[in-house]
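Trainee: In our numbering, the protein residues as written are 13 to 326.
Dumping the structure here so I can ask a few things about it.
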Ligand SMILES: Nc1nc2c(ncn2[C@@H]2O[C@H](COP(=O)(O)OP(=O)(O)OP(=O)(O)O)[C@@H](O)[C@H]2O)c(=O)[nH]1
Ligand SMILES: [Mg+2]
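Here it is in structure tokens:
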């Protein structure tokens, strides 16, 4: 960290001139690859990723420095047709995040194309006044001619300032994208200290890491019926940390599944989460997971506050 810090400092001196800074909201249908892209552009894991839909629940800011610019990426929940109260809060949050940004970057999964949610988002974007760019993601999965057709179709619906073809997993096209942000964001001082990469408190990131393992391990309705909170964080004299987290589920039957036969599921989730947490924290981690039934957590304002979401009334 210190070394990187110095290198960044030298570069900034070399390229004297005004600094640039601004907020870029990444919006898109769920599973388009927004969180993967934020992590790629920041160069560290700040937001969790899974192959399942509706992984991100609140806005996560990932902060990157490129040349003279500090670029604050807002990873938002995927936009979809909401059903539950939590769904509504997620979708409202995503559009709210877009309205706070200097630039809105719409991610489309090139393999899926413009269908369903992506179509609805394009419609919604017509009403939004900010600068807009189009990111066709997952280009590692599609043929070039299909990409050109997709770019044309999307640009017909909304006037995008630029279109980029990228792959968040391979990094293809990402340098050009960073150059674009660095030169087109407004001139001005940086918003965050130069070594800060996220606005998420460590306790919350730790809860998110466990939720990611739960999304990867458990299936059907369970990931959507669960919520993770860090309850205790105790730094120990020997340099390790003791973390206690609670996994909330809605029903007794879900608790059984979350624990698994002979506690196998919870053990696997805990092992995977602890391993990643000790890498991120660079210290040994003792992780204790508890599963609790809280029937109405999805209607409890306190849980929404913990997640950083507005509680939708009614
Ligand atoms: N092949 C390929 N897969 C990708 C790419 N970008 C993301 N993915 C995969 O797409 C899936 C969804 O990625 P996420 O980053 O969680 O997507 P998201 O848009 O943040 O999803 P939500 O938070 O649910 O809205 C994961 O399995 C990623 O590995 C890409 O460029 N190429
Ligand atoms: Mg996400």
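C-beta: ideal position from N, C-alpha, C; glycine also.
In this text, all values refer to a predicted model and were calculated from it rather than measured experimentally.
Enumerate, from N- to C-terminal direction, the unbroken beta strand (DSSP E) stretches of 3 or more residues contained entirely within the stretch 83-165.
Mentor: You should have 115-121, 143-149.
Trainee: Does DSSP put residue 245 in a helix, a strand or coil?
Mentor: Strand.
Trainee: With a cut-off of 8 Å on the beta carbons, I'd call residue 111 and residue 134 a contact; round off their distance for me.
Mentor: Actually they are not in contact, since the Cβ atoms of residue 111 and residue 134 sit about 17 Å apart, beyond 8 Å.
Trainee: Secondary structure at residue 200, three-state DSSP: helix, strand or coil?
Mentor: Coil at residue 200, not helix or strand.
Trainee: Which residues share a DSSP beta bridge with residue 260?
Mentor: DSSP, once it has assigned bridges, lists 239, 304 as partnering residue 260.
Trainee: Between the stretch 244-261 and the stretch 87-103, are three or more C-beta pairs nearer than 8 Å?
Mentor: No contact exists between the stretch 244-261 and the stretch 87-103.
Trainee: Any heavy atom of ligand 2 closer than 7 Å to the Cβ of residue 87?
Mentor: Yes - ligand 2 has a heavy atom lying nearer than 7 Å to the Cβ of residue 87.
Trainee: Assess, as a yes-or-no matter, whether the stretch 185-203 is touched by the stretch 58-66 under the definition of 3 or more beta carbon pairs within less than 8 Å.
Mentor: As far as the Cβ criterion goes, the stretch 58-66 does not touch the stretch 185-203, which means the pair count is below three.
Trainee: Could you tell me whether any non-hydrogen atom of ligand 1 is closer than 7 Å to the CB of residue 180?
Mentor: Indeed, a heavy atom of ligand 1 lies less than 7 Å from the Cβ.
Trainee: Going residue by residue through the stretch 162-197, where are the continuous beta strand (DSSP E) segments of at least 3 residues, counting only ones entirely within it?
Mentor: For the stretch 162-197, whole beta strand (DSSP E) runs of length 3 or above, ordered along the chain, are 174-177.
Trainee: For residue 38 versus residue 87, is the C-beta spacing smaller than 8 Å?
Mentor: Yes, the Cβ-Cβ distance between residue 38 and residue 87 is below 8 Å.
Trainee: DSSP state of residue 35, grouped into three classes?
Mentor: Residue state, collapsed to three classes: strand.
Trainee: Check each candidate in 173, 202, 310 and name the one with the smallest Cα separation from residue 189.
Mentor: Among 173, 202, 310, the Cα nearest to that of residue 189 is on 173.
Trainee: Shortest alpha-carbon distance to residue 300 belongs to which of 306, 50, 163, 287?
Mentor: Ranking the options by Cα distance to residue 300, first place goes to 287.
Trainee: Ordered along the chain, which non-local residues of its own chain (more than five positions away) have a Cβ less than 7 Å from that of residue 285?
Mentor: Result list for residue 285: 221, 222, 225, 299, in chain order.
Trainee: I need the DSSP call for residue 228, collapsed to helix, strand or coil.
Mentor: In this structure, residue 228 counts as helix in the three-state DSSP scheme.
Trainee: Measuring only the C-alpha atoms, how far is residue 324 from residue 157?
Mentor: For residue 324 and residue 157, the distance between alpha carbons rounds to 43 Å.
Trainee: Kindly indicate which residue of 107, 280, 216 has the alpha-carbon position closest to the one of residue 245.
Mentor: Among 107, 280, 216, the Cα nearest to that of residue 245 is on 216.
Trainee: Spatial neighbours of residue 251 within its chain, please: C-beta separation below 8 Å, excluding the five flanking residues on both sides.
Mentor: Taken in chain order, the residues that qualify are 295, 296.
Trainee: With distances taken from CA atoms, which of 103, 218, 213 is nearest residue 254?
Mentor: Minimum Cα distance to residue 254 is reached at 218.
Trainee: Counting only the same chain and skipping the five closest in sequence on each side, list residues whose C-beta sits under 6 Å from that of residue 65.
Mentor: Here the set comprises 42, 43.
Trainee: Quick one: residues in its chain with C-beta nearer than 8 Å to the C-beta of residue 29, no 5 flanking neighbours on either side, listed in chain order?
Mentor: The residues are 80.
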